[in-house]
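Structure first, then comments.
Numbering (full-length UniProt numbering), first residue to last: 1 to 180.
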């Protein structure tokens, strides 16, 4: 963590490319995975992850380590970027297609399970997209980011009880819609 602060300081003061590359390398896989779990699209996830790190570098001067950890701040940027993506025309008009040739699955049963899993995830994401932005953020951070309620409350700067209430309310609504 101390090394992280040094890297951030080098980027802020000296615009150090080496420090920027090291910081990005440290978080790239984690952020990419977070994005991919929500988009289920490799290329889009790579693009969004790149945009997230560009945004991070451009706004690093606004980062305050007294308000949140760097990781928390980076996830906040990621969450907003993903929400922007789901609001975009690109997402709304994109047809979901699964290229079976690209899958690395040998068994046809596994292919169908993989397709069903992607369809289920997409169905849930479509349901979540119909709710307000705060509920979407809480859901994405909890499910895809694997954050605790306390961590989510710090990221979103709202009480932990509000996070829990909204999360469980959304889960009940998702279950009800899926059962219909």
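Beta carbons: idealized from backbone N, C-alpha and C, even for Gly.
{"Asked": "Member of 69, 66, 31, 161 whose CA lies at the smallest distance from the CA of residue 51", "Found": "31"}
{"Asked": "Contact under 8 Å by Cβ, residue 44 with residue 121", "Found": "no"}
{"Asked": "DSSP three-state assignment for residue 148, whether helix, strand or coil", "Found": "coil"}
{"Asked": "Residue 110, DSSP secondary structure in three states", "Found": "Residue placement at residue 110 is flagged as unreliable, the pLDDT there being 48, under the threshold of 50; a coordinate-derived value is accordingly withheld."}
{"Asked": "Limits of the alpha helix (DSSP H) - the one that residue 133 falls within", "Found": "133–143"}
{"Asked": "Pairwise C-alpha distance: residue 154 and residue 11", "Found": "25 Å"}
{"Asked": "Residue interval of the alpha helix (DSSP H) (run including residue 68)", "Found": "Careful: residue 68 lies outside any alpha helix (DSSP H) and carries neither H nor E."}
{"Asked": "At least three beta-carbon pairs within less than 8 Å, the region 138–152 to the region 46–64", "Found": "no"}
{"Asked": "Among 69, 27, 157, nearest to residue 137 - alpha-carbon criterion", "Found": "157"}
{"Asked": "Beta-carbon gap between residue 134 and residue 79 smaller than 8 Å", "Found": "no"}
{"Asked": "Three-way DSSP call (helix, strand, coil) for residue 44 in this model", "Found": "helix"}
{"Asked": "Cβ separation of residue 177 and residue 127, assumed to be a contact under 8 Å, to the nearest whole Å", "Found": "5 Å"}
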